[in-house]
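Participant: My questions will all concern the structure given below.
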Amino acid sequence: MPSRMNYAPSEPASQGAFSGAQQRARERAVQQALRGRGAPTRDNAADAPTKGTAMTVLSRYSEPMRDHAEPKGLTYRPPTELAIEVSHLRKSYGPTVAVDDVSFSVGSGEIFGVIGPNGAGKTTAVECVGGLRTRDSGTVSVLGLDPQSERGALRQVVGTQLQEGSMPVRLRVSELVGLFASFYPHPADTSDLLDLLGLASKRNAYYGRLSGGQKQRVAIALALVGRPKVAILDELTTGLDPQARRDTWELVASIRDQGVTVVLVTHFMDEAERLCDRVMLVEHGQVVALDTPAMLAQRHGGGTRLSFRPSQPFEDSLLTGLPEVRGLQHEGGRVVVNGTGDLLGVVVHALDGAGVEPHNADLTTASLEDAFLRLTSRPKAAQPREVSS
Ligand code: ADP
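The opening residue of the sequence shown carries number 129 in the numbering used here; numbering runs sequentially from there.
Structure representation (structure tokens):
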């Protein structure tokens with residue numbers, strides 16, 4: 129089981145598990161690389177990059193990490209200090225309404241997930257937050273800055289990993305990271321950063337020769353090299369192998385632990401479930417749900433299902449009268465109870481009071497993926513909304 133500090137993505141083919149000393153060394157590298165050495169400055173691009181341009185920072189990563197992060201609880205109180213406030217954001221591309229009246233806020237130091245089907249408007253929304261897209265209407269504030277009118281100042285405090293970002297293939301990794309570091313007066317130590325991301329051995333490799341996962345890590349390095357206070361990561365772990373995904377999760381968690389607010393666009397439900405404090409589900413450019421992963425799963429995922437074979441018959445009302453129980457069916461000799469909350473605890477307690485023992489009990493709890501599927505499986509979800517011209 130990797131320790132919490134073993135966040136540096138490993139080279140799965142060539143690197144084995146890290147020793148305790150190596151992990152501590154990597155921990156020190158992270159602390160050095162990401163500890164605030166002054167606010168980053170200077171804009172790194174005069175104009176908003178678009179998808180696929182050479183100067184576009186970034187890409188993605190992803191996957192679950194059962195042994196690192198426990199599932200988030202049902203309740204989460206966002207920090208009172210807000211890093212991001214979005215109100216009635218709207219953005220269209222011609223007749224296509226990509227973002228339609230979206231409002232949300234992100235607390236300082238929060239890992240905030242944005243999920244939704246393809247074409248839901250996730251990337252457009254976060255690019256409006258990151259100052260990479262010009263909104264049609266609504267208000268956006270990031271650390272008190274308007275991404276549109278204060279774009280230059282924003283770039284000093286926000287690091288963005290763009291979806292489908294691409295880099296000059298004939299630049300070496302160290303040159304690329306060094307180039308981006310030069311945009312900031314107080315960048316992270318590039319050597320430490322490459323170390324942290326498991327790219328030390330690729331320092332002199334041409335970007336174009338890297339694997340998909342290595343390019344992802346370079347993209348993350350470029351998003352972090354300016355020591356951002358807010359990191360926007362779009363499809364962070366797409367294309368990574370399971371170990372690299374886990375390591376990347378560790379990295380994101382460690383970044384947050386150092387005070388960085390993280391906005392994470394992902395289509396991996398396990399990633400959102402394990403990593404995010406809260407998750408916003410977007411569909412057709414609108415917010416469908418926003419809550420902790422656990423609460424979304426409980427409210428919209430179909431609840432909890434408990435199945436057991438009772439040691440003796442009992443009246444259904446023994447259980448159907450419990451507030452946590454939504455339904456009860458008999459399937460052969462088994463009783464199947466659906467419900468919410470501490471279903472197992474209350475059912476077992478009630479049965480015990482009646483002298484009934486539940487044999488071969490099987491408990492299934494809903495996941496964020498269950499909630500996602502239930503909330504987005506409506507037929508109209510297949511197509512983006514369009515306004516009539
Ligand atoms: P997601 O990130 O959820 O996949 P996007 O924000 O990329 O969604 O896209 C939302 C909608 O806007 C989609 O219908 C997409 O085709 C459209 N769209 C995105 N970017 C552009 C663009 N540059 N020009 C025209 N339409 C776009």
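By construction, the Cβ of each residue, glycine as well, lies at the ideal position given by its N, Cα and C atoms. The model shown is predicted, which means the values in this text are computed figures rather than measured ones.
Looking only at its chain, what residues have a beta carbon closer than 6 Å to the beta carbon of V297, apart from the 5 residues adjacent to it on each side?
Facilitator: Closer than 6 Å at Cβ, skipping near neighbours: Y335, G336.
Participant: Take G431 and list the residues in its own chain whose beta-carbon comes closer than 7 Å to its own, dropping the five residues that flank it on each side.
Facilitator: Counting only Cβ-Cβ distances below 7 Å, and skipping sequence neighbours, we find R454, N466, G467, T468, A494.
Participant: Using only CA atoms, which one of P451, L496, G461, Q414 lies nearest to A248?
Facilitator: For the residues P451, L496, G461, Q414, the minimum Cα distance to A248 belongs to Q414.
Participant: Can you tell me where the beta strand (DSSP E) holding A316 begins and where it ends?
Facilitator: Segment: none, A316 is in no beta strand (DSSP E) and carries neither H nor E.
Participant: CB of G429 to nearest heavy atom of the ligand ADP: below 7 Å?
Facilitator: No, the ligand ADP has no heavy atom inside 7 Å of this Cβ.
Participant: CA-CA distance, L327 and I239?
Facilitator: Approximately 25 Å, taken between the alpha carbons.
Participant: Alpha carbon to alpha carbon, how far is R355 from G287?
Facilitator: Cα to Cα, R355 sits roughly 8 Å from G287.
Participant: Can you tell me which of G258, L325, A417 puts its alpha carbon nearest to the alpha carbon of I383?
Facilitator: Selected option, being the one with the closest Cα: L325.
Participant: Do the region 402 to 413 and the region 475 to 486 make contact, defined as three or more Cβ pairs closer than 8 Å?
Facilitator: The region 402 to 413 is not in contact with the region 475 to 486.
Participant: Whole alpha helix (DSSP H) runs in the region 263 to 289 with 4 or more residues, listed along the chain?
Facilitator: Entirely contained in the region 263 to 289, the alpha helix (DSSP H) runs reaching 4 residues are, in chain order, 279 to 285.
Participant: Who are the Cβ neighbours of D498 in its own chain at under 6 Å, not counting the five residues just before and after it?
Facilitator: Answer for D498: G429, G430, listed in chain order.
Participant: Take S269 and list the residues in its own chain whose beta-carbon comes closer than 6 Å to its own, dropping the five residues that flank it on each side.
Facilitator: Here the set comprises E213.
Participant: Is T376 near the ligand ADP, judged by its Cβ being under 7 Å from some heavy atom?
Facilitator: For the ligand ADP, not one heavy atom lies less than 7 Å from the Cβ of T376.
Participant: Once the 5 residues before and after G259 are set aside, which same chain residues still bring their CB inside 6 Å of it?
Facilitator: The residues are P275, R279, L282.
Participant: Is it the case that the CB of T80 approaches a heavy atom of the ligand ADP more closely than 7 Å?
Facilitator: What is shown of the chain runs 129 to 517, which leaves residue 80 out entirely.
Participant: Quick one: does the C-beta of K250 sit closer than 7 Å to a heavy atom of the ligand ADP?
Facilitator: At least one heavy atom of the ligand ADP is nearer than 7 Å to the Cβ of K250, so yes.
Participant: Alpha carbon to alpha carbon, how far is L322 from S302? Give it in angstroms, no decimals.
Facilitator: Taking the straight line from one Cα to the other gives about 8 Å.
Participant: What residues in its chain sit with their C-beta under 6 Å from that of G306, if we drop five residues either side in the sequence?
Facilitator: Cβ within range, chain order: T318.
Participant: Please report the straight-line C-alpha distance between H477 and L450, rounded to a whole angstrom.
Facilitator: So the two alpha carbons sit approximately 11 Å from each other.
Participant: Compute every distance between the C-beta of G259 and the non-hydrogen atoms of the ligand ADP, then say whether any falls below 7 Å.
Facilitator: No, the beta carbon of G259 sits no closer than 7 Å to any heavy atom of the ligand ADP.
Participant: Can you give me the Cβ contacts of Q457 inside the same chain, cut-off strictly under 6 Å, excluding the 5 residues immediately before and after it?
Facilitator: Cβ within range, chain order: V464.
Participant: Could you tell me the distance, in whole angstroms, from the CA atom of Q159 to the CA atom of G460?
Facilitator: Below a pLDDT of 50, predicted positions are generally treated as unreliable, and Q159, at 43, falls in that range; the measurement from the model is reported next regardless. Taking the straight line from one Cα to the other gives about 58 Å.
Participant: Who are the Cβ neighbours of F442 in its own chain at under 6 Å, not counting the five residues just before and after it?
Facilitator: Contacts found: A482, V484.
Participant: May I ask you to check if the CB of A417 is nearer than 7 Å to at least one heavy atom of the ligand ADP?
Facilitator: No, the beta carbon of A417 sits no closer than 7 Å to any heavy atom of the ligand ADP.
Participant: Below 6 Å CB to CB, which residues in the same chain sit around L352 once its five sequence neighbours on both sides are set aside?
Facilitator: If we look at L352 and ignore the five residues flanking it on each side, its Cβ neighbours are G287.
Participant: Can you say whether L304 is buried or exposed, counting buried as having 16 or more other CB atoms within 10 angstroms of its CB?
Facilitator: So L304 counts as buried.
Participant: Under 7 Å from any heavy atom of the ligand ADP, does the C-beta of N246 make it?
Facilitator: For the ligand ADP, at least one heavy atom lies less than 7 Å from the Cβ of N246.
Participant: If you check the beta carbons only, do C404 and G237 fall under 8 Å apart?
Facilitator: Result no, Cβ atoms of C404 and G237 do not sit closer than 8 Å.
Participant: Hey, I360 and V257 are a contact pair by Cβ (cut 8 Å); roughly how many whole angstroms apart?
Facilitator: Their Cβ separation, rounded to whole angstroms, is 7 Å, which keeps I360 and V257 in contact under 8 Å.
Participant: Return the CA-CA distance between D490 and F500, expressed in angstroms with no decimal places.
Facilitator: Those two C-alpha atoms are separated by around 23 Å.
Participant: Which residue wins for smallest C-alpha separation from L418, given the options I243, A211, Y221, V358?
Facilitator: The shortest Cα separation from L418 among I243, A211, Y221, V358 belongs to I243.
Participant: What number of angstroms, rounded off, separates the C-alpha of R437 from the C-alpha of L479?
Facilitator: Going by the C-alpha atoms only, they are around 12 Å apart.
Participant: Tell whether a beta-carbon distance below 8 Å holds between T448 and D362.
Facilitator: Cβ distance not < 8 Å, so T448 and D362 don't count as in contact.
Participant: Starting from A226, trace the beta strand (DSSP E) in both directions and tell me its first and last residue.
Facilitator: Segment 224 to 235, the beta strand (DSSP E) holding A226.
Participant: Once the 5 residues before and after V474 are set aside, which same chain residues still bring their CB inside 7 Å of it?
Facilitator: Cβ neighbours of V474 beyond the five flanking positions: L450, E452.
Participant: Put S439 into one of helix, strand or coil per three-state DSSP.
Facilitator: If DSSP states are grouped into helix, strand and coil, S439 belongs with coil.
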